[in-house]
Amino acid sequence: MTDDEDTFKILIATDIHLGYLEKDAIRGNDTYVTFDEILKHAKQNDVDFILLGGDLFHDNKPSRKSLHNCIELLRKYCMGDKPITFEILSDQAVNFSTSKFPWVNYQDENLNISIPVFSVHGNHDDPTGADGLCALDVLSCAGLVNHFGRSRSVEKVEVSPVLLQKGSTRIAMYGIGSIPDERLYRMFLNNQVTMLRPREDESSWFNLLVVHQNRSKHGATNYIPEQFLDDFLDLVVWGHEHECRIDPERNEQRLFYITQPGSSVVTSLSPGEAVKKHIGLLRVKGRKMNLEKIPLQTVRQFFIQDVVLRDHLNLFNPDHPKVTQKIEAFCQEKVEEMLDEAERDRLGNPQMPEKPLIRLRVDYTGGFEAFNVMRFNQKFVDRLANPKDVVHFVRHRECKDAKDEENINFDELLSRASAEVMQLRVEDLVKQYFATAEKNMQLSLLTEQGMGKAVQEFVDKEERDAIEELINYQLEKTQHHLKERRVEAVEEKIDEEVSIHG
Numbered sequence: 120m121t122d123d124e125d126t127f128k129i130l131i132a133t134d135i136h137l138g139y140l141e142k143d144a145i146r147g148n149d150t151y152v153t154f155d156e157i158l159k160h161a162k163q164n165d166v167d168f169i170l171l172g173g174d175l176f177h178d179n180k181p182s183r184k185s186l187h188n189c190i191e192l193l194r195k196y197c198m199g200d201k202p203i204t205f206e207i208l209s210d211q212a213v214n215f216s217t218s219k220f221p222w223v224n225y226q227d228e229n230l231n232i233s234i235p236v237f238s239v240h241g242n243h244d245d246p247t248g249a250d251g252l253c254a255l256d257v258l259s260c261a262g263l264v265n266h267f268g269r270s271r272s273v274e275k276v277e278v279s280p281v282l283l284q285k286g287s288t289r290i291a292m293y294g295i296g297s298i299p300d301e302r303l304y305r306m307f308l309n310n311q312v313t314m315l316r317p318r319e320d321e322s323s324w325f326n327l328l329v330v331h332q333n334r335s336k337h338g339a340t341n342y343i344p345e346q347f348l349d350d351f352l353d354l355v356v357w358g359h360e361h362e363c364r365i366d367p368e369r370n371e372q373r374l375f376y377i378t379q380p381g382s383s384v385v386t387s388l389s390p391g392e393a394v395k396k397h398i399g400l401l402r403v404k405g406r407k408m409n410l411e412k413i414p415l416q417t418v419r420q421f422f423i424q425d426v427v428l429r430d431h432l433n434l435f436n437p438d439h440p441k442v443t444q445k446i447e448a449f450c451q452e453k454v455e456e457m458l459d460e461a462e463r464d465r466l467g468n469p470q471m472p473e474k475p476l477i478r479l480r481v482d483y484t485g486g487f488e489a490f491n492v493m494r495f496n497q498k499f500v501d502r503l504a505n506p507k508d509v510v511h512f513v514r515h516r517e518c519k520d521a522k523d524e525e526n527i528n529f530d531e532l533l534s535r536a537s538a539e540v541m542q543l544r545v546e547d548l549v550k551q552y553f554a555t556a557e558k559n560m561q562l563s564l565l566t567e568q569g570m571g572k573a574v575q576e577f578v579d580k581e582e583r584d585a586i587e588e589l590i591n592y593q594l595e596k597t598q599h600h601l602k603e604r605r606v607e608a609v610e611e612k613i614d615e616e617v618s619i620h621g
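Dropping the structure here:
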């Protein structure tokens, strides 16, 4: 597809996670270096705008270093005298209704924008607190990012597209920022998600959706099935999933295409993260599109292998007195192989970080014993970016009855390994606690759902005032109700009214 006055050129990326491990001596600057590369590609390819799919920041409250570096890079690459060659036809007061400056940044007479950035928020940098603000709102207020796709309602989602035109090409750009998957799943089932269409000549628009949700199934309702999305869409840019599947995949039921750019930094040592990282250069002309994938050169290498010891019984006899030493030597050989592969892969690319990430997952089911991992890791301390967690031992367990897993034993909780505890959802802990608590410990003024959400924000988002704000809100709401009902100031009557109202 040739570049001309009718062709949109859009750089797409997602899950940049600025600030991830920024205090790590080796990996601390990885996210900033790669974000610099992404913006550099946008400038070199003379794109019309950049479209981000959420999780620009790793932390809900980014550090000053993260914000500073982000602002510095956006100013460096996205501000300047280059003219903007497309226009917005939709009502910007609706598209950017949550902003104090509800218009696209390049139309602000006080700013000189050369490459506009449009972004939805992710689950890491989502709005929290009493004011419902997120880091993207700070960048939006500073005129550096156009934050769209946010829904304030918990009952329904109405998505109004940003309507763009360049020459004869028109794009309807829809955005859905991160919403808890179970809630959004339920809203889709109840037909509470509405995607508005342009009023004029619907068939002439290229319909583009950017979404930040689970694509792979993590439970019965903890994901968004592709078939939930409207069939009038042409392309879906799917954020949140870190595996790079950037080549457009056709959904044969709904007949649209999905591109999943994946993250630009490795945040978990899992197989999906080992796929080579790319961003996309999307060209749209009329109703036709072309997606060119651009490999990222500054991403730290990551190699992962699985070893199942019982598949090597010819090498390892579980009853042999020195079997553990043999397993350790075997694992060392595997790590050396991955290091050699990393060195070969790095040849000719000076931008790539020198020390790779290596993960060896060892399944020692079948009577084998694990060797000393800390001592093993010390052998590679100067050659790896993750010397503390090179080897990970796993052992398959027998499946337990699902009913047993639903009941959380709080006496055993403190003795669990931290990794297991982290897998428990805070809301489930709160719900389980009050379900088993004695009558005098039950909630009356507050709700389990509200308390669970407040505790989750306190734990996950470091919202220190979340619980206090919930209590104050519920107190004011209840006091207002009691005044309206003119309840007599007697403790028993107040308790009775609160229990009915609650």
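Using the numbering used here, read the sequence shown as starting at 120 and increasing by one per residue. Glycine is no exception: its CB is placed at the ideal position from the N, C-alpha and C atoms.
How would you call residue i, buried or exposed, if buried means at least 16 neighbouring beta carbons within 10 angstroms?
| i | result |
| --- | --- |
| M292 | buried |
| A249 | exposed |
| N468 | exposed |
| L348 | buried |
| A254 | buried |
| R289 | buried |
| S287 | exposed |
| H439 | exposed |
| D256 | buried |
| H331 | buried |
| R478 | buried |
| D244 | buried |
| N436 | exposed |
| G251 | exposed |
| P181 | buried |
| Q568 | exposed |
| R369 | exposed |
| E488 | exposed |
| N188 | buried |
| E587 | exposed |
| R463 | exposed |
Quickly, what does DSSP pair residue i with across the bridge? List them, please.
| i | result |
| --- | --- |
| R480 | D425, H511 |
| E611 | None, per the DSSP bridge assignment. |
| W222 | None, per the DSSP bridge assignment. |
| S238 | L171, H266 |
| A681 | Limits of the chain in this structure are 120 at one end and 621 at the other, which puts residue 681 out of reach. |
| A254 | DSSP, once it has assigned bridges, lists no residue as partnering A254. |
| R369 | Y376 |
| A132 | L171 |
Report yes if the CB atom of residue i is closer than 9 Å to the CB atom of residue j, and no otherwise.
| i | j | result |
| --- | --- | --- |
| C363 | L263 | no |
| N284 | I207 | Rather than Asn, the amino acid found at residue 284 in this sequence is Gln. Yes, Cβ-Cβ distance for Q284 and I207 is below 9 Å. |
| H136 | T150 | yes |
| S259 | F215 | yes |
| I129 | R480 | no |
| I145 | A504 | yes |
| D482 | D425 | yes |
| D459 | M408 | no |
| P235 | D165 | no |
| E345 | R373 | yes |
| V513 | P506 | no |
| K184 | E156 | no |
| I377 | R318 | no |
| M471 | T417 | yes |
| L193 | V239 | no |
| F495 | E456 | no |
| D134 | S389 | no |
| Q451 | K404 | no |
| V213 | S272 | no |
| N247 | N148 | Per the sequence presented here, residue 247 reads as Thr, with Asn not at that position. In this structure, N148 does not lie closer than 9 Å to T247 by Cβ. |
| S209 | L327 | no |
| V384 | T597 | no |
| T386 | H361 | yes |
| G173 | G241 | yes |
Output needed for residue i: all residues of its chain with C-beta closer than 6 Å, excluding positions within five of it in sequence on either side, in chain order.
| i | result |
| --- | --- |
| R406 | F325 |
| E411 | L400 |
| A393 | F421, I423 |
| T217 | R269 |
| H177 | H136, G138, Y139, H243 |
| D366 | none |
| H337 | none |
| D584 | none |
| W222 | Q211 |
| Y342 | D300, N333, K336 |
| T443 | E488, F490 |
Less than 8 Å between C-beta atoms, sequence neighbours within five positions excluded: which residues of the same chain meet that for residue i?
| i | result |
| --- | --- |
| V276 | S270, I295, I298, L303, M306, Q311, V312, T313 |
ask   = Counting pairs of beta carbons, one from the stretch 432 to 448 and one from the stretch 151 to 167, are three or more of them closer than 8 Å?
value = no
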